[in-house]
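Protein sequence lines correspond, in order, to chains Z and C. Numbered according to our numbering, the first sequence terminates at residue 848, and the numbering increases by one at each position without gaps. Numbered according to our numbering, the second sequence terminates at residue 289, and the numbering increases by one at each position without gaps. From the three backbone atoms N, C-alpha and C, an ideal C-beta is built for every residue, glycine too.
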Amino acid sequence: MKREISVTLNGKPRTDEVEPRLLLIHYIRDVAGLTGAHVGCETSICGACTVAVDGIAVKSCTMFAVQADGKNVLTIEGLASNGNLHTIQEAFWNEHGLQCGFCTPGMIMVTKQILERNPNPTEEEIRHGLEGNLCRCTGYQHIVNAVKTAAAKTGA
Amino acid sequence: MIAHIFEYSAPTDLKEALGQLASGGKPLAGGMSLIPIMKLRLAAPEHVVDLGRIVALNYIREEAGTLHAGAMTTHYQIESSPLVRSRCPLLAEAASHIGDVQVRNMGTIGGSAAHADPAADYPASLMALEVQFRLASSSGERTVSVEDFFVDTFATALQPGEIITEVIIPVEDPSAGVSYQKMVQPASGYAIVGVAARITKSGGKVTKARVGVTGLGPKAFRAKAAEKLLEGTEGTAADIAKAAAAVSEGVESNTDLHASANYRTQMARVYAGRALSVAVSRAT
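As structure tokens, this is what we get:
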């Protein structure tokens with residue numbers, strides 16, 4: 693039986709009827725039409741589907757949309773404001789922290805969480821923080837550089 | 006990967022939740038295990054009772070020599086809690102090794118224990134710490150020791166309709182040295198083997214050793230033979246090696262595509278040696 697949920701998605705409130713088994717990632721992509729968060733492995737390993745729910749980074753393939761009822765959901769589309777990239781987005785661009793770009797939305801969303809909790813992380817802390825996000829192109833070095841650059845910009 | 010169809014409720018009150026569980030509901034905690042197995046259709050509960058909105062199950066507090074963690078306390082809350090870090094550093098260390106940032110944000114101590122995955126991180130520490138679980142159902146409450154709680158692979162002392170409400174953890178002796186060392190399966194983050202060690206020393210001798218092991222056998226266990234071998238010694242490298250070699254005594258090792266039984270047994274000894282060395286060096 694469908695249930696009504698109300699979610700504030702990137703600052704905009706919306707109400708939808710969903711099946712309880714609908715995963716949050718499918719709600720975001722198929723119901724709300726925001727395709728920035730990606731479906732990679734769909735088994736809570738790759739992190740490409742990472743979004744923030746009430747400020748907490750989650751793998752949205754491993755959460756039901758009904759669990760987000762009444763909450764604020766932030767996706768990669770909600771980061772830029774007035775056409776200006778978020779500091780973390782800019783850092784990924786400047787440091788070439790991506791090649792194909794598939795993992796990038798998840799990488800950026802988890803970076804946001806890492807820096808919110810630890811504004812000046814060491815390289816080891818950055819790598820520990822990125823453990824739940826897989827990239828098959830870059831070898832991670834430029835991603836780590838991007839997180840460092842973003843930290844320097846936001847911590848300054 | 007879509008779960009089978011189910012009814013969903015999200016009570017905010019524990020009593021209400023226990024009533025729904027009594028009539029056959031399946032409890033959903035952080036969902037880090039249940040949701041994947043529902044997606045794989047290894048589980049197809051008809052009614053899922055989401056405990057995520059019961060605020061009264063999420064707390065960490067200290068009372069008379071024990072820490073009390075509500076079952077819905079997340080791994081991130083445990084790893085980042087100043088109280089846990091200072092009063093029970095082993096639990097905080099173990100929590101910081103679980104999965105990844107996103108998993109630690111959602112996964113809960115009660116959910117992890119209740120799922121009783123033989124490769125989960127927490128059970129090694131919960132065994133070494135000799136914790137107790139507070140359980141509740143619609144017909145009442147009871148307290149169960151960790152040794153009685155873990156029964157077998159994915160099997161616990163929980164009865165149908167019963168959930169963990171609280172984990173009761175003894176406050177660590179401030180002079181004790183602790184360590185959790187884990188051989189990680191890099192994709193899943195699960196422990197191929199994980200060893201939690203607690204060491205207390207007095208007058209240059211090891212007076213108390215506690216060793217909890219996960220990943221090796223069908224369930225987490227205390228390596229009591231290893232503990233006994235170390236107690237009373239000075240905790241030298243040779244003493245530790247002797248104790249670590251006994252870590253798998255009496256246990257039938259798991260085998261899977263990541264590690265054969267022989268390899269796993271050997272790794273359990275290696276990681277037991279590492280955990281004991283660090284714990285001994287940290288004990289004052």
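Where the beta strand (DSSP E) containing residue i begins and where it ends
i	result
C:Gly145	145-150
Z:Asn812	Run containing Z:Asn812: none; DSSP gives neither H nor E here.
C:Pro32	31-33
Z:Pro705	704-710
C:Ala141	137-142
C:Glu171	168-175
C:Ile7	No beta strand (DSSP E) holds C:Ile7; DSSP gives it neither H nor E.
Beta-bridge partners of residue i, as assigned by DSSP
i	result
C:Lys187	C:Gly199
C:Asp153	C:Asp153 pairs with nothing; no bridge assigned.
Z:Asn776	Z:Ser773
C:Val182	According to the sequence provided, residue 182 of chain C is Gly. The question's Val does not apply to it. Partner(s): C:Ile204.
C:Phe226	C:Val218
C:Ser14	C:Val54
C:Lys213	C:Thr205
Z:Val750	Z:Val743
C:His73	C:Arg66, C:Ile173
C:Phe159	In DSSP, C:Phe159 forms no bridge with anything.
Z:Ser698	Z:Thr707
Z:Leu715	Z:Phe756
Z:Thr735	According to DSSP, Z:Thr735 bridges with nothing at all.
C:Thr79	C:Thr113
Host alpha helix (DSSP H) of residue i (start-end)
i	result
Z:Glu672	Since the first and last residues shown for chain Z are 693 and 848, residue 672 of chain Z lies out of range.
C:Asp244	242-250
C:Ile42	39-44
Z:Leu766	Note, Z:Leu766: premise wrong, no alpha helix (DSSP H); beta strand (DSSP E) at 764-766.
C:Glu98	94-101
C:Gln271	266-287
Z:Arg721	Unbroken run through Z:Arg721: none, as it is neither H nor E.
C:His120	114-120
C:Met132	127-133
C:Glu21	19-27
Residue i vs residue j beta-carbon contact at 7 Å
i	j	result
Z:Glu782	Z:Ala838	no
C:Asp105	Z:Gly824	yes
C:Ala160	C:Ala225	no
C:Val201	C:Ala133	Position check: residue 201 of chain C holds Ala in this sequence, whereas Val was assumed. Yes, Cβ-Cβ distance for C:Ala201 and C:Ala133 is below 7 Å.
C:His9	C:Ala34	no
Z:Ala673	Z:Leu716	It is not possible to answer for residue 673 of chain Z, since the shown part of chain Z is limited to 693 through 848.
C:Glu167	C:Ser142	yes
Z:Ile740	Z:Gly798	Note that residue 740 of chain Z is Ala in the sequence shown, not Ile. It is a contact, given that the beta carbons lie within the stated cut-off.
C:His102	C:Asp122	no
C:His52	C:Glu21	no
C:Ala228	C:Val211	no
Z:Thr846	Z:Leu822	no
C:Ile173	C:Gln137	yes
C:Leu26	C:Val54	yes
C:Ala196	C:Gly220	yes
C:Cys276	C:Val198	Position check: residue 276 of chain C holds Tyr in this sequence, whereas Cys was assumed. Yes, the pair counts as a contact, with Cβ atoms nearer than the cut-off.
C:Leu56	C:Pro32	yes
C:Ile169	C:Leu140	yes
On the three-pair Cβ rule with 8 Å, is the region 803-819 of chain Z touching the region 91-103 of chain C?
-> no
If you measure beta-carbon to beta-carbon, which residues of the region 98-109 of chain C are closer than 8 Å to chain Z?
-> Gly104, Asp105, Val106, Gln107, Val108
Of all the residues that make up the region 716-735 of chain Z, which are near chain C by a beta-carbon distance shorter than 7 Å?
-> Glu734, Thr735
Is there contact here, the region 233-240 of chain C with the region 259-273 of chain C, by at least three beta-carbon pairs under 8 Å?
-> no
Counting pairs of Cβ atoms below 8 Å between the region 101-118 of chain C and the region 771-780 of chain Z, do you hit three or more?
-> no
Cβ contact check for the region 57-69 of chain C and the region 16-30 of chain C: 3 or more pairs under 8 Å | yes
Give, in chain order, every residue of the region 733-755 of chain Z whose Cβ lies closer than 7 Å to some Cβ of chain C.
-> Glu734, Thr735, Ser736, Ile737, Gly739, Thr742, Ile748, Ala749, Val750, Lys751, Thr754, Met755
Segment contact flag, the region 763-770 of chain Z with the region 733-751 of chain Z, C-beta cutoff 8 Å, min 3 pairs = yes
Are the region 181-189 of chain C and the region 75-90 of chain C touching by the rule of at least three beta carbon pairs closer than 8 Å?
-> no
Would you be able to state if there are at least three C-beta pairs under 8 Å between the region 243-251 of chain C and the region 173-183 of chain C?
-> no
Hey, is the region 255-262 of chain C in contact with the region 276-288 of chain C, meaning 3+ C-beta pairs nearer than 8 Å?
-> no
Taking a Cβ distance cut-off of 8 Å, strictly less, list which residues of the region 795-806 of chain Z are near chain C, in chain order.
-> Val802, Gln805, Ile806
Check each residue of the region 812-833 of chain Z: if its Cβ is closer than 9 Å to any Cβ of chain C, include it; give the result in chain order.
-> His820, Gly821, Leu822, Glu823, Gly824, Asn825, Leu826
What residues from the region 23-42 of chain C come within 7 Å of chain Z, judged by C-beta to C-beta, listed N to C?
-> Gly36, Met37, Ile40, Pro41
Of all the residues that make up the region 47-75 of chain C, which are near chain Z by a beta-carbon distance shorter than 8 Å?
-> Val53, Asp55, Gly57
Going along the chain, which residues of the region 182-194 of chain C sit with their C-beta nearer than 8 Å to a C-beta in chain Z?
-> Ala192, Ser193, Gly194
Which residues, in chain order, does the region 756-774 of chain Z contribute to contact with chain C at a C-beta distance below 8 Å?
-> Phe756, Val758, Gln759, Asp761
Any residues in the region 699-716 of chain Z with a beta carbon nearer than 9 Å to a beta carbon of chain C? Which ones, in chain order?
-> Glu711, Pro712, Arg713, Leu714, Leu715
Quick one: which residues of the region 10-23 of chain C get their C-beta closer than 8 Å to a C-beta of chain Z? List them in chain order.
-> Ile10, Phe11, Glu12, Tyr13, Ala15
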